[in-house]
Each structure stands twice: as structure tokens, then as C-alpha cells.
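What follows is a short report on a single structure.
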Amino acid sequence: DQQVKQNSPSLSVQEGRISILNCDYTNSMFDYFLWYKKYPAEGPTFLISISSIKDKNEDGRFTVFLNKSAKHLSLHIVPSQPGDSAVYFCAASAGITGGGNKLTFGTGTQLKVEL
Amino acid sequence: DGGITQSPKYLFRKEGQNVTLSCEQNLNHDAMYWYRQDPGQGLRLIYYSQIVNDFQKGDIAEGYSVSREKKESFPLTVTSAQKNPTAFYLCASSVAGTSVTGELFFGEGSRLTVL
Chain A
41 DQQVKQNSPS LSVQEGRISI LNCDYTNSMF DYFLWYKKYP AEGPTFLISI SSIKDKNEDG
101 RFTVFLNKSA KHLSLHIVPS QPGDSAVYFC AASAGITGGG NKLTFGTGTQ LKVEL
Chain B
58 DGGITQSPKY LFRKEGQNVT LSCEQNLNHD AMYWYRQDPG QGLRLIYYSQ IVNDFQKGDI
118 AEGYSVSREK KESFPLTVTS AQKNPTAFYL CASSVAGTSV TGELFFGEGS RLTVL
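Residue numbers (my numbering), protein chains in the order written: chain A, 41 to 155; chain B, 58 to 172.
See the structure below:
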């Protein structure tokens, strides 16, 4: 049962345009959401996160939007750059359990930014 | 430099053999995790440990074993009971307890291929 879903396995955008990556979740206990970026043969690196008490978080070119009623979040990258080409994973947490944090990951979206 | 070191980066194994993947961190993190990545399936949690000498099964623990004798180290053994061990394995760590970000720090991964 996939609790975090990224329904688009791939996305292609032109350099300078906006990239929008989507993520849906089913577990209403999730209260913290993160986006990770991954290059081939490397470990994922943290990109941006959002708590369920917010609906938007911005960090430079990256903005994450959370719609709790729809159980949907999205990552916006503006403007997109060729170096943004990577796999993006959405992840969710049901809260810090006092000793660690289990994240549930989506299946990833391969973003390709073309010149 | 602080970080997570996984070794070996590439490993080949014959069917029926056990192999151990190493994971060492010098971030002084209490919690450590092992994930497995397969094409189209995202990252799935194998085992995690919130404190030395304690660990819990994740979503796909069958055929794997771990130990946590030292805070810095969390080796993963892929046993011959694991039916489909060929995959990319990722180790991660996080601050436990006081962390509110939920952020995991990942190593660069180990690719295991069973011949």
C-alpha cells in the first residue's frame, strides 16, 4: 500500500520555466513533509520541507505548497536550471517519535531540464 | 568533514552468500537507517536504530539483519534468505529526539548485484 504517491514518473521542462512536481499522500497522520533530490549513483540530499501547520515554505528557487484537505503537496522550481535535472522524492513523516524519524518515500519523479 | 560513509560502493555476490554492507557516520547522530531503492519503487525502509544496542524492523526486513554496537556504525547483512537482493542500498542518519526537521542525511549508497 503506497502511502506516498508521485504519479508522474518523469517531467521535462525548458530552462528558465517553472517545474511543478506533485505528491499525494493517504495517511492523515503524516504531519511533516520533505523533498529530496537524487542524482544517479548518489544518496538523496535534502531540499526543502514543510510542517503541516503551514501551507507554504519557500527557499530561494524552491517552494513547497501543502494542501492538507486534498492530502497533496507540490514542489515548484522557478526558474528551472539544467543542474536541477535529477530524481525528486517526496517523503512524509508521522512525527518525531522521541528517538528518530521514519520517513515514507514516494516513488520519485525524474525531472529533466532542457536547454 | 562530517558525513556518512558507505562501503563498498559496488559489490557482487553469488547466490547463497551472505554479504555485509558497512555504514559509518561521524555526525554524532543517534538514529540510523537502511533503505533499499529499486526502479519504480522509491526508497523502502529495511531497518532503523534509534539508539545503540537497539533496532527495529522496517517495512521490508525479511532476509536482512543489522547490529548497532557503536553509535557511529550500523552494518547491514544481506543474507541468503533475501529472495531478491540486487538493489541500491542507502544508509542514513538523523538527529533523534530534539530534532523537529525530520531530515535524514544519506550516504552515497552501495549497489549490490547478485550473480
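Here a beta-carbon is modelled for each residue, glycine too, at the ideal position from N, C-alpha and C.
Backbone CA spacing between residue i and residue j [nearest angstrom]
i	j	result
Pro80 (chain A)	Phe70 (chain A)	28 angstroms
Gln121 (chain A)	Leu87 (chain A)	15 angstroms
Glu126 (chain B)	Phe112 (chain B)	10 angstroms
Gly6 (chain B)	Glu160 (chain B)	In this structure chain B extends from 58 to 172, so residue 6 (chain B) is not present and cannot be described.
Arg174 (chain B)	Leu84 (chain B)	There is no way to answer for residue 174 (chain B), as the model of chain B reaches only from 58 to 172.
Val171 (chain B)	Arg70 (chain B)	5 angstroms
Gln63 (chain B)	Ile103 (chain B)	16 angstroms
Thr134 (chain B)	Gln82 (chain B)	17 angstroms
Tyr76 (chain A)	Phe129 (chain A)	5 angstroms
Lys114 (chain B)	Arg57 (chain A)	43 angstroms
Lys128 (chain B)	Leu155 (chain A)	46 angstroms
Tyr65 (chain A)	Lys96 (chain A)	17 angstroms
Lys66 (chain B)	Phe105 (chain A)	36 angstroms
Cys148 (chain B)	Gly99 (chain B)	14 angstroms
Ile117 (chain B)	Val152 (chain B)	23 angstroms
Lys142 (chain A)	Cys80 (chain B)	18 angstroms
Ala134 (chain A)	Ile90 (chain A)	13 angstroms
Contact set for residue i: own chain, Cβ-Cβ below 6 angstroms, skip 5 residues either direction
i	result
Gln150 (chain A)	Ser50, Val127
Met89 (chain B)	Ser106, Phe131, Ser150
Thr103 (chain A)	His116
Gly73 (chain B)	Ser137
Thr144 (chain A)	Gln43, Val44, Ala132
Asn62 (chain A)	Ser114
Phe145 (chain B)	Gln94, Gly166, Arg168
Those residues which DSSP pairs with residue i across a bridge
i	result
Met69 (chain A)	According to DSSP, Met69 (chain A) bridges with nothing at all.
Val31 (chain B)	Beyond the ends of chain B as shown, which are 58 and 172, falls residue 31 (chain B); an answer cannot be given.
Ala144 (chain B)	B:Leu169
Thr149 (chain A)	A:Tyr128
Leu68 (chain B)	B:Leu169
Ser133 (chain A)	A:Tyr72
Glu154 (chain A)	A:Gln54
Gln63 (chain B)	B:Cys80
Residue environment, residue i, which counts as buried when at least 16 other CB atoms sit within 10 Å
i	result
Tyr36 (chain B)	With chain B running from 58 to 172 in the structure shown, residue 36 (chain B) is simply not present.
Thr147 (chain A)	buried
Gln54 (chain A)	exposed
Val123 (chain B)	buried
Ser68 (chain A)	exposed
Ser167 (chain B)	buried
Ser59 (chain A)	buried
Gly97 (chain B)	exposed
Gly83 (chain A)	buried
Asp87 (chain B)	buried
Gly37 (chain A)	Outside the modelled stretch of chain A, which goes from 41 to 155, sits residue 37 (chain A), for which no answer is possible.
Neighbourhood of residue i by C-beta, 7 angstroms cutoff - its chain only, sequence neighbours within 5 removed
i	result
Asp99 (chain A)	Ile88
Gly139 (chain A)	Low confidence applies here, because Gly139 (chain A) scores a pLDDT of 42, under 50, leaving its location unreliable; read the following figure in that light. No residues qualify anywhere along the chain.
Lys108 (chain A)	Ser92
Thr85 (chain A)	Tyr76, Lys77
Cutoff 8 angstroms; reference residue i; Cβ partners in own chain excluding five residues on either side
i	result
Ser48 (chain A)	Leu61, Asn62, Thr149
Asn110 (chain B)	Arg125, Glu126
Ser125 (chain A)	Leu151, Lys152, Val153
If we require 3 or more residues per run, which beta strand (DSSP E) segments fall completely within the stretch 77 to 135 of chain B? Inside the stretch 77 to 135 of chain B, DSSP marks whole beta strand (DSSP E) runs of 3 or more residues at positions 88 to 95, 99 to 108, 111 to 114, 121 to 123, 133 to 135, from first to last along the chain.
Whole alpha helix (DSSP H) elements within the stretch 41 to 122 of chain A, 4-residue minimum: Those alpha helix (DSSP H) runs which fall completely within the stretch 41 to 122 of chain A and span 4+ residues do not exist here.
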